[in-house]
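Shown next as structure tokens:
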């Protein structure tokens, strides 16, 4: 059981994700350099946070064309679990694996703080172990996290139970307080908060552990 | 091979908030420039391209604009194409 962690030029949470998965959850990982095409033997893939390709053009716009993502797209289409965290979420929307886009925070500030979140597992199998309405806290750290999507598409996402994580106090102007969502099948998941930074009491809480562990089951 | 120059103008769709544009508009007032009722920030991208003819250049640039330079979820784009040689 190994989890792949994609590394783009400019990723900066790849090692944090490795630390959380290996050090806290005891799950082996393998770094996947952006030019790699071999995903064999992986149970799940994480796209970590950071500034892939310097976030040139738009966040995630260049990363979308990385060779490794062709394979990640195939992996996802076969039902493999893919988790995009922060910049990874932005990449998944640019790829079209998740709907909408993440744009400049409404207050223009880079927000870096713990965010109270509400979990609504809905119909999607991601986070199925959580009670609907359960509250957790995860750190956020982003300048472009305001979720935007057409109104009717947002309603559809909500009706389908794909909006799995919502901000309790909206920090960036996201439509529908969206902090994280998944595709209709539930295997492609994206969120702006950083679960990998909340896996040890020493660094401010363990609410991220269960969320990351849910990649495996 | 004919050479073309293009300018792709990328702007936020009207329904998308532009907080950077709003902040700039507010600064215009502080500079003493009155009457600015709307200010939206986009991007202008200059492209040089070689293609056998104008229709091919147009087609390639449309693909480039639609799939890479702009994100149609939040942005609109327009294209101006000029043959230079």
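Residue numbers (my numbering), protein chains in the order written: chain G, 1 to 217; chain V, 1001 to 1085. All C-beta atoms in this analysis are idealised placements derived from N, C-alpha and C, irrespective of residue type, glycine included.
Is residue 152 (chain G) buried or exposed, if buried means 16 or more other CB atoms sit within 10 Å of its CB?
exposed
Using beta-carbon positions only, say whether residue 8 (chain G) and residue 53 (chain G) come within less than 8 Å of one another.
yes
Tell me residue 1081 (chain V)'s beta-bridge partners as DSSP assigns them.
V:1006
Taking just the CA atoms, how far does residue 98 (chain G) sit from residue 143 (chain G)?
20 Å
By Cβ distance below 6 Å, which residues in the same chain neighbour residue 50 (chain G) in space, the five residues on each side in sequence not counted?
10, 11, 12, 13, 87
Taking 8 Å as the cut-off, decide whether the C-beta atoms of residue 1081 (chain V) and residue 1058 (chain V) are in contact.
yes
Can you grab the Cα-Cα spacing for the pair residue 115 (chain G) / residue 1053 (chain V), in whole Å?
54 Å
From this set, V:1004, V:1047, V:1073, which residue's C-alpha is nearest residue 1064 (chain V)'s C-alpha?
V:1047
Which chain G residues sit within Cβ distance under 8 Å of residue 1074 (chain V)?
101, 103, 148
Residue 1063 (chain V) - containing alpha helix (DSSP H), residue span:
1054-1064
Quick one, which residues of the region 1008-1021 of chain V are near chain G if we go by CB-CB under 7 Å, in chain order?
1016, 1017, 1019, 1020
Presumed contact (8 Å Cβ cut-off) between residue 48 (chain G) and residue 85 (chain G), rounded CB distance
6 Å
Relative to the alpha-carbon of residue 1074 (chain V), which residue among V:1005, V:1002, V:1016 has its alpha-carbon at the smallest distance?
V:1016
Smallest Cα separation from residue 1001 (chain V): which of V:1056, V:1029, V:1037?
V:1056
Which same chain residues end up closer than 6 Å to residue 22 (chain G) when comparing Cβ atoms and leaving out the 5 residues on each side of it in sequence?
29
On the three-state DSSP scale, how would you describe residue 159 (chain G)?
helix
At least one CB of chain G closer than 8 Å to the CB of residue 1068 (chain V): is that the case?
yes
Here's the rule I'm using: 16 or more other beta-carbon atoms within 10 Å means buried, otherwise exposed. How should residue 1077 (chain V) be labelled?
buried
Using the three-state DSSP reduction, which class does residue 11 (chain G) fall into: helix, strand or coil?
strand
When you compare the CB of residue 173 (chain G) with every CB in chain V, is at least one pair closer than 8 Å?
yes
Segment contact flag, the region 198-213 of chain G with the region 93-109 of chain G, C-beta cutoff 8 Å, min 3 pairs:
no
With the cut-off set at 8 Å, would you say residue 133 (chain G) and residue 120 (chain G) are in Cβ contact?
yes
Inter-residue Cα distance where the pair is residue 122 (chain G) and residue 175 (chain G):
18 Å
Sub-8 Å separation of residue 147 (chain G) and residue 178 (chain G) beta-carbons:
yes
CA nearest to the CA of residue 112 (chain G), picked from G:18, G:201, G:197
G:197
Which same chain residues, not among the five before or five after residue 137 (chain G), have their C-beta less than 8 Å away from its C-beta?
114, 115, 116, 117, 198, 205, 207
Curious, which full-length alpha helix (DSSP H) runs of at least 4 residues does the region 109-197 of chain G contain?
151-159
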